[in-house]
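The opening position of the sequence shown corresponds to residue 1 in UniProt numbering, with each subsequent residue numbered one higher.
Yeah, the Cβ is synthetic: ideal placement off N, Cα and C, and Gly gets one too.
Bear in mind the structure is a predicted one, so any value in this text is a computation, not a measurement.
Reviewing the structure listed below.
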Amino acid sequence: MNLPSSTSGTMKVPRGRPPLPVIIVTLCALAFIALIYTETINFLSPRSIFKLKSCSRKNAARKSNDKTAENNVDDSIVDDRFEFDPEECNVANGKWVFNRSIKPSYSDRSCPYLDRQVSCVKNGRPDSDYRHWEWQPEDCTLPRFNPLLALKKLRGKRLLFVGDSLQRGQWQSFVCMVESIIPEDKKSMRRGRSLSVFRAEEYNATIEFYWAPFLVESNSDLHIIGDPKQRILKVDSVSKHAKHWLGVDILVFNSYVWWMSGLTLKTLWGSFANGEEGYEVLDTPVAYRIGLKTWANWVDSTVNPNKTRVFFTTMSPTHTRSKDWNNTNGIKCFNETKPVMKKKHWGTGSDRGMMSVVSSVVKKMKVPVSFINITQISEYRIDAHASVYTETGGKLLTDEQKADPLHHADCIHWCLPGVPDTWNQIFLAHL
Ligand SMILES: *[C@@H]1O[C@H](CO)[C@@H](O)[C@H](O)[C@H]1NC(C)=O
Ligand SMILES: *[C@@H]1O[C@H](CO)[C@@H](O)[C@H](O)[C@H]1NC(C)=O
Ligand SMILES: *[C@@H]1O[C@H](CO)[C@@H](O)[C@H](O)[C@H]1NC(C)=O
Ligand SMILES: *[C@@H]1O[C@H](CO)[C@@H](O)[C@H](O)[C@H]1NC(C)=O
Ligand SMILES: *[C@@H]1O[C@H](CO)[C@@H](O)[C@H](O)[C@H]1NC(C)=O
Ligand SMILES: *[C@@H]1O[C@H](CO)[C@@H](O)[C@H](O)[C@H]1NC(C)=O
């Protein structure tokens, strides 16, 4: 669907005092425009929130031991996790380093599982520098993503990514990084509308994705409603989705950008006997807190932390406002070919208030949840979004659309291979 931006961009007028700065609202609107037209009937890609915390030097050493010992890793891996000292190295503190000899382990031609939405090279992206940046934490060495090690860690297990289209991107990145070492007849992929499953037979492992852009239920899950004003969230209901999360060994959740369609959201709770009547309009952070609390209660009452590990990928930054990085003549992230180099750069597309809602909900949980904290490292990467090298409504952007980046550049989703590969590198280091 290619909604005219006027529809999707119209913001709801907040009642009373605006809870968020107007600028954020504008951004949200722009972000949402991009979101809506890059989503077909599909899903928003999920972004994962990982705890980017730690990799101490000690730990880094252990990791490289794992690599060399990868043929007899199985037992040592288990120990590794407990050796991990999250306090010693903050993975989010570091810099992107350009190195042309670093090559992604897959391409959008070699990996058959990538959606066209993120296949930037196939879609005509001419520049390639964005594929040769490596994230280097200041205080430790982040081990490279080792596909064999990843598969060994997943032996006999189900790994499930749950969330939106950014999370779907992380899932596809993970699958593409491991699939090339699996022989053709020992792997399979089944794509479904809500659940997709990649299977690695020899490892009896699955790497799965479940579409639930708000985690909680809404009237816009499978049949996406383009106009955010028509969406209604059932903030206290999660079981319809969560029944698909049972028995999973490693759960990775995310949810952020779908909440950011405006200052307020229509929400329902209690009985739904009235259909969609009787909703309440809540400020976005309030609705987000209630929705996440519902998710947290499900995790705490259902997940056995001795059997299942739970991760949460923090918000994936949107780069729809080039003033954030002082490119006053820029059009969103269009034509950007270099990361922002200014340390701790943080744009208006990452809402710290929403981040603190997530932290405070997670802090109170019984089941430990590790953050994959991708926000800061991804904030720098204004160069790595799909931009105009993407699709809309199931079709590649036309030349006319490409020539109109203000309305058509997607500065939310990431090219693959690309930044989500680093998210998974961090994820694997913490697994
Ligand atoms: C670039 O990457 C290659 C391959 O990983 C490595 O051998 C080389 O030392 C790196 N160069 C720099 C300047 O870091
Ligand atoms: C394969 O993994 C599943 C869990 O994902 C487990 O229930 C089953 O017993 C495993 N099968 C074999 C043959 O190891
Ligand atoms: C998890 O393991 C610990 C230690 O073995 C045990 O005390 C606890 O009851 C277990 N929890 C659950 C939910 O099984
Ligand atoms: C943009 O300019 C402001 C004011 O000069 C400066 O403080 C900020 O660091 C700059 N941001 C970037 C990303 O260069
Ligand atoms: C985009 O970059 C190309 C090459 O640097 C340049 O020729 C073109 O004018 C730029 N377009 C815009 C709209 O900035
Ligand atoms: C993620 O990292 C940023 C800084 O890089 C920090 O401000 C934020 O609190 C972290 N988020 C969580 C949920 O830990």
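Ranked by how close their Cα comes to the Cα of T348, the residues V197, W325 and R158 have W325 in first place. As DSSP reads the structure, T392 sits in a beta bridge with K395. For I290, the enclosing alpha helix (DSSP H) begins and ends at T284 to T302. At least one heavy atom of ligand 4 is found less than 7 Å from the C-beta of V340. It is roughly 44 Å from the alpha-carbon of Y203 to the alpha-carbon of G262. Shortest gap from the CB of K157 to any heavy atom of ligand 2: under 7 Å. Three or more pairs of CB atoms, one per stretch, sit closer than 8 Å, so the stretch 85-104 contacts the stretch 377-391. Not one heavy atom of ligand 3 is found less than 7 Å from the C-beta of N146. DSSP, reduced to helix, strand and coil, places I232 within a strand of the structure shown. Residue burial is scored here from C-beta neighbours: Q136 has fewer than 16 other C-beta atoms within 10 angstroms and is therefore classed as exposed. Under DSSP, V91 shares a beta bridge with no residue. A residue is called buried once 16 or more other Cβ atoms fall within 10 Å of its Cβ, and S359, having fewer, is exposed.
The stretch 357-373 makes contact with the stretch 292-311: 3 or more CB pairs, one atom from each, lie closer than 8 Å.
Excluding five sequence positions before and after V121, the CB atoms of its chain that fall closer than 6 Å to its own CB belong to D108, given in chain order. Pairing V257 with T318 gives a Cβ-Cβ distance under 8 Å. With a threshold of 7 Å, the Cβ atom of S105 does not count as near ligand 1, since no heavy atom of the ligand is closer than that.
Between W414 and V97 the beta-carbon gap is near 19 Å, outside 8 Å, which marks them as no contact. Here the residues close to ligand 3, judged by CB distance below 5 Å to any of its heavy atoms, are N304 and N306 in chain order. In the three-state reduction of the DSSP assignment, I377 falls in the helix class, which pools H, G and I.
The set of residues with CB atoms less than 7 Å from any heavy atom of ligand 1 reads, in chain order, V97, N99, S101 and I102.
The three-state reading of DSSP puts D129 in helix, counting H, G and I together. Distance from the Cα of Y130 is smallest, within the candidate group D383, C176, K186 and I181, for D383. By the criterion of a C-beta distance shorter than 6 Å, M189 is surrounded in its chain by Y113 and F198, once the five residues flanking it on both sides are discounted.
For N424, the shortest C-beta to heavy atom distance toward ligand 2 is 7 Å or greater. Residue environment for H408: buried (at least 16 other C-beta atoms within 10 angstroms of its C-beta).
Residue state for Y203 is assigned as helix, using DSSP reduced to three classes.
The shortest CA-to-CA distance from R116 to any of D283, E400, Y389 and V419 is the one to Y389. At a Cβ-Cβ threshold of 8 Å, I250 and T313 do not count as neighbours. Residue range P405 to H408 is occupied by the alpha helix (DSSP H) that includes H407.
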